[in-house]
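Okay, structure first, notes after.
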Amino acid sequence: MSMQSQVKDSKTLPVKYPNLVAWENVKQERWEGELEVDGHIPHWLNGTYLRNGPGMFDIGDYKSKSLFDGYATLVRLHFENGRLTGGHAQLQSDAYKAVKKNNNIYHREFSTLPKPSNIFKAIGNVVGMLSGALVTDNAIISVIRLGDGRVVCLTETKKGSLEIDPKTLETIGTFKYTDNIRGPTQSGHPMVFDKELITVLPDFINRGYNVIRMLAGTNERTLIGRVNCKSSPTPGWVHSFAVTDNYVVVPEMPMKYAPYNMLKGGLLKWHPESKAFIHIIRKETGETVASVEVPPFMTFHFINAYEEKGMNSVIVDCCEHNANPTIFDKLHLHELRSFTGKDVLPHSRIGRFTIPLDGSPRGKLETAMPPEEHGRAIDMCTINPIYRGKMYRYIDLKEKTEKSNWHLGGSIPSEPIFIGRPGAEVEDDGVVISLVSDKDGNGFALVLDGSTFAEIARAKLPYGLPYGLHGCWVPSP
Ligand SMILES: [Fe+2]
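Using this note's numbering, you'd call the opening residue of the sequence shown number 5 and step up by one each time.
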């Protein structure tokens, strides 16, 4: 299930939306309160939706350039017996505290680093990046609930793992790993299960990917296995990856890390000359069971993967940007803020890899759901988490099943999340939750029927909130 960019009525809305707050600073540091619900929230929906993402872009003299340069704003929606309370708070990372104290950027963010005013400060930047002191801990990408109940915000730097209290949104502190596994970066989307977390760390020294496990209740990561890069010059970017019941799917795409740029801008670079690969690692043994070339691809987010029974292959779905990296340019804030109602983001598609496990050297990549039939998929897909790693109905190439779409012209819905009804026996029995910023500067929490996408409840927020990025569900005990 995905929510599309809300541009269907762009022809009738040729004006800018000066009040749209999706890409603007959150109005204040913190708010919480009860929300008036219009509609009916199912009484089985008891728990807390947490969402992370950039929400404070301009502080003092610092003006964020990219969406990913903003400082993390946590949002909370707590559902209890049909009632809803909400709140938001700034993540108190060292990077956020420093930018407030200095009235300017102090750590290196995604596309920006402190501008040295003299040679000594330039040398200080070099030393700070090499020592890690200037590496950001602004954990803006995701918020995850570990199997032991701890809740952690993440970004792609190792430093950027911060534990929070899901009830108060207070920042508890840095989530400290107790192992000696090296690597300054990590996937922003580890796969979390009741008993373990699985993630992928790029290896810049030996040019490869380390597949990592951390058991619930511990802070110690262990190596499951590793696979070497098959293309040069550096490992491909691993924002996300996928798992099946038995395998970890490690992508190697032409969008690669650019550590040599650490002192001058973007840390990722598209290498059109590089080939693309998908590696399949067996979860239990770390053995590489396939390492195949695939057509070039560009993705932020894998949707799901599963083992195709009887076919000796693995199916891997992702939001694929037609091997076009220009999406990064379009996520600059000046581009996002110039939204006129017209299509401003490059087209993308739901791409499906078929990865053979029989020793064949190449895998397939095709469009799973034609955009002209399904609508344009931008990104931020969600599925019923019970079906993670397993055959699932949405998306199905044979049935080409699609959901109805929820749509409100001029509004920006954030990443949806699916919550299954307890006792459900079919995949779409549940609700979809999202937060929406509308063109008037307002915002509301939205609850849709997971099967029909009919709106069943909305609750107006005191003011619109920034778009954010990713969230998680914390069920009530
Ligand atoms: Fe992401």
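The C-beta atom is built at its ideal place from N, Cα and C for all residues, glycine as well.
Segments of 3+ residues assigned as beta strand (DSSP E) that fall wholly inside the region 407-451: Unbroken beta strand (DSSP E) stretches of 3 residues or longer found wholly inside the region 407-451: 421-424, 434-441, given in chain order.
Nearest-residue set for ligand 1, Cβ under 7 angstroms from any heavy atom: Going by the Cβ distance cut-off, the answer is I145, S146, G192, H193, H243, S244, F304, H305, L473, H474.
As assigned by DSSP and simplified to three states, the class of S97: For this step, residue 97 is matched to residue 93 along the sequence shown. The three-state secondary structure of S97, taken from DSSP, is coil.
Neighbourhood of W3 by C-beta, 7 angstroms cutoff - its chain only, sequence neighbours within 5 removed: Limits of the chain in this structure are 5 at one end and 481 at the other, which puts residue 3 out of reach.
Beta-carbon proximity check, N23 vs G472, cutoff 9 angstroms: Taking the sequence shown and counting its residues from 1, one reaches residue 23 at position 19. Taking the sequence shown and counting its residues from 1, one reaches residue 472 at position 468. Taking C-beta atoms as the reference points, N23 and G472 fail to come closer than 9 angstroms.
Inter-residue CB distance, R286 and N250 (contact presumed, cutoff 8 angstroms): Within the sequence shown, residue 286 is the residue found at index 282, counting from 1. Within the sequence shown, residue 250 is the residue found at index 246, counting from 1. Contact between R286 and N250 holds: their C-beta atoms lie close to 6 angstroms from each other, under 8 angstroms.
Residue closest to D207, alpha-carbon to alpha-carbon, out of G290, E113, G187, A220: For this step, residue 207 is matched to residue 203 along the sequence shown. Ranked by how close their Cα comes to the Cα of D207, the residues G290, E113, G187, A220 have G187 in first place.
Pair within 9 angstroms by beta-carbon distance, Y213 and L219: By 1-based counting over the sequence shown, the position of residue 213 is 209. By 1-based counting over the sequence shown, the position of residue 219 is 215. Cβ atoms of Y213 and L219: not closer than 9 angstroms.
Helix, strand or coil at Y21 [DSSP, three-state]: The sequence position of residue 21 within the sequence shown is 17, counting from 1. Assignment of Y21 by DSSP, reduced to helix, strand and coil, places it in the coil class.
Where the alpha helix (DSSP H) through K273 begins and ends: In the sequence shown, counting from the first residue as 1, residue 273 sits at position 269. It is not in any alpha helix (DSSP H) - K273 instead sits in the beta strand (DSSP E) that spans 272-274.
Presumed contact (8 angstroms Cβ cut-off) between H193 and S244, rounded CB distance: As a first step, residue 193 must be located in the sequence shown, where it is residue number 189. As a first step, residue 244 must be located in the sequence shown, where it is residue number 240. About 4 angstroms; that satisfies the 8 angstroms criterion.
Contact set for V436: own chain, Cβ-Cβ below 6 angstroms, skip 5 residues either direction: Your numbering for residue 436 matches position 432 in the sequence shown. P420, F422, L452, G454.
For Y261 and G240, the rounded distance between their alpha carbons: Within the sequence shown, numbered from 1, the residue matching residue 240 stands at position 236. Within the sequence shown, numbered from 1, the residue matching residue 261 stands at position 257. The straight-line gap separating the alpha-carbon atoms of G240 and Y261 is approximately 6 angstroms.
Start and end residues, beta strand (DSSP E) containing M259: Reading the sequence shown from its first residue, position 255 is the one you call residue 259. 259-261 is the span of the beta strand (DSSP E), which, as asked, contains M259.
M218 CB to nearest heavy atom of ligand 2 below 8 angstroms: Ligands in the displayed structure: ligand 1; ligand 2 is not one of them.
Supposed contact pair E431 and Y391 - C-beta distance, whole angstroms, cut 8 angstroms: As a working mapping, residue 391 is identified with position 387 in the sequence shown. As a working mapping, residue 431 is identified with position 427 in the sequence shown. That pair is a contact at about 6 angstroms.
Cβ neighbour criterion (16 or more within 10 Å) applied to A137: As a position in the sequence shown, residue 137 is number 133, starting the count at 1. Note on A137: under 16 other CB atoms within 10 angstroms of its CB, so exposed under the neighbour-count rule.
Same chain, Cβ closer than 7 angstroms to K334, five either side skipped, listed in chain order: In the sequence shown, residue 334 corresponds to position 330, counting from 1. Cβ within range, chain order: V348, L349, P350.
Inter-stretch contact (C-beta, 8 angstroms, three-pair minimum) for the region 140-152 and the region 25-33: Look at the beta carbons and you see the region 140-152 not touching the region 25-33: under three pairs across the two are nearer than 8 angstroms.
Under 9 angstroms between C-beta atoms of V156 and G393: Along the sequence shown, read from residue 1 onward, the residue named residue 156 stands at position 152. Along the sequence shown, read from residue 1 onward, the residue named residue 393 stands at position 389. No; because the gap between Cβ atoms is not below 9 angstroms, this pair is not in contact.
Host beta strand (DSSP E) of K368 (start-end): The residue you call residue 368 lines up with position 364 of the sequence shown. Run containing K368: 368-373, per the beta strand (DSSP E) assignment.
Sub-9 angstroms separation of K464 and L39 beta-carbons: As a position in the sequence shown, residue 464 is number 460, starting the count at 1. As a position in the sequence shown, residue 39 is number 35, starting the count at 1. Contact: yes.
Same chain, Cβ closer than 6 angstroms to I185, five either side skipped, listed in chain order: In the sequence shown, the residue the question calls residue 185 occupies position 181. R225.
S191 beta carbon less than 9 angstroms from that of V131: Here the question's residue 131 lines up with position 127 in the sequence shown. Here the question's residue 191 lines up with position 187 in the sequence shown. The answer is no: Cβ separation not under 9 angstroms.
Backbone CA spacing between P375 and I127 [nearest angstrom]: For the purposes of this step, residue 375 is taken as residue 371 along the sequence shown, with counting starting at 1. For the purposes of this step, residue 127 is taken as residue 123 along the sequence shown, with counting starting at 1. For P375 and I127, the distance between alpha carbons rounds to 50 angstroms.
Y264 classed as buried or exposed, judged by whether at least 16 other C-beta atoms fall within 10 angstroms: Locating residue 264 in the sequence shown gives position 260, where the first residue counts as 1. By the neighbour-count criterion, in which 16 or more other beta carbons inside 10 Å mark a residue as buried, Y264 falls on the exposed side.
Bounding residues of the beta strand (DSSP E) (the contiguous stretch that carries M395): Here residue 395 corresponds to residue number 391 of the sequence shown, with the count starting at 1. Under the DSSP assignment, M395 falls outside any beta strand (DSSP E); it carries neither an H nor an E label.
Any 3 or more C-beta pairs closer than 8 angstroms across the region 57-75 and the region 101-117: Verdict: yes, contact present.
Residue environment, F124, which counts as buried when at least 16 other CB atoms sit within 10 Å: As a position in the sequence shown, residue 124 is number 120, starting the count at 1. By the 10 Å Cβ count, F124 comes out exposed.
DSSP beta-bridge partners of L117: Here residue 117 refers to the residue found at position 113 of the sequence shown. Beta-bridge partners assigned by DSSP to L117: none are found.
Contact set for W477: own chain, Cβ-Cβ below 7 angstroms, skip 5 residues either direction: As a working mapping, residue 477 is identified with position 473 in the sequence shown. Answer for W477: G51, Y53, I421, I423, listed in chain order.
Which of helix, strand or coil DSSP assigns to Y471: The sequence position of residue 471 within the sequence shown is 467, counting from 1. Y471: coil per DSSP, three-state reduction.
Buried or exposed by the 16-neighbour rule on C-beta atoms within 10 Å, applied to K268: Numbered from its first residue, the sequence shown carries residue 268 at position 264. Exposed is the call here.
Identity of the residue in G270, V196, V296 nearest N232 by Cα: As a working mapping, residue 232 is identified with position 228 in the sequence shown. Among G270, V196, V296, the Cα nearest to that of N232 belongs to V296.
Where E200 falls, given that 16 or more other Cβ within 10 Å makes a residue buried: As a working note, residue 200 is residue 196 in the sequence shown. Buried, because 16 or more other Cβ atoms sit within 10 Å of the Cβ of E200.
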